[in-house]
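**Student:**
Residue numbers (the working numbering): 362 to 491.
1. Helix, strand or coil, according to DSSP, for residue 397 in the structure here?
2. Just how far apart, CA to CA, sit residue 375 and residue 402?
3. Quick one: residues in its chain with C-beta nearer than 7 Å to the C-beta of residue 395, no 5 flanking neighbours on either side, listed in chain order?
4. Which complete alpha helix (DSSP H) runs does the stretch 456–490 hold, if anything under 4 residues is left out?
5. Just grab the DSSP bridge partners of residue 448 for me.
6. In or out: residue 566 buried (at least 16 other Cβ within 10 Å) or exposed?
7. What's the C-alpha gap between residue 480 and residue 377?
8. Would DSSP call residue 407 helix, strand or coil?
9. Quick check on the DSSP output: the beta strand (DSSP E) that includes residue 378 runs from which residue to which?
10. Among residues of its own chain, excluding the 5 on either side of residue 459, which ones have a beta-carbon nearer than 6 Å to its beta-carbon?
11. To the nearest angstrom, report how far apart residue 426 and residue 398 are at their CA atoms.
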């Protein structure tokens, strides 16, 4: 089975949801891969278990929050352990919105690992890639 067909089968048989794409222009500037972004049901469960209080205050579900960040991110920063953060500009406020992505090399897509409001101080400590 080709890699493309294998990926299609995995995405169809599992509970991955496509939430967006890192486009080529942005990927090239940030020196990361241009690829689709997915979140698995387990990622959604993680966000619910760990960050539901923050998202409830915003009136958002985890999936809606992730899609909002995907549509509005204005920065890419280094995360930890090979991850990257997509950040919505939060200059002048205490917290901003961010999602953490890990590139899944075998299938050539980004997976959302977590999503929650983050401290601007924490974000600004991380290297800005774009």
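For each residue, glycine too, the CB sits at the ideal point set by N, CA and C.
Computed from a predicted model, the values in this text were never measured in an experiment.
**Tutor:** In this structure, then:
1. Strand, per DSSP.
2. 9 Å
3. 383, 384, 385 and 388
4. 481–486
5. 436 and 459
6. Residue 566 is absent from the model: the chain starts at 362 and stops at 491.
7. 28 Å
8. helix
9. Residue 378 -> beta strand (DSSP E) spans 377–383.
10. Once the five neighbours on either side are set aside, the close Cβ partners of residue 459 are 446, 448 and 479.
11. 14 Å
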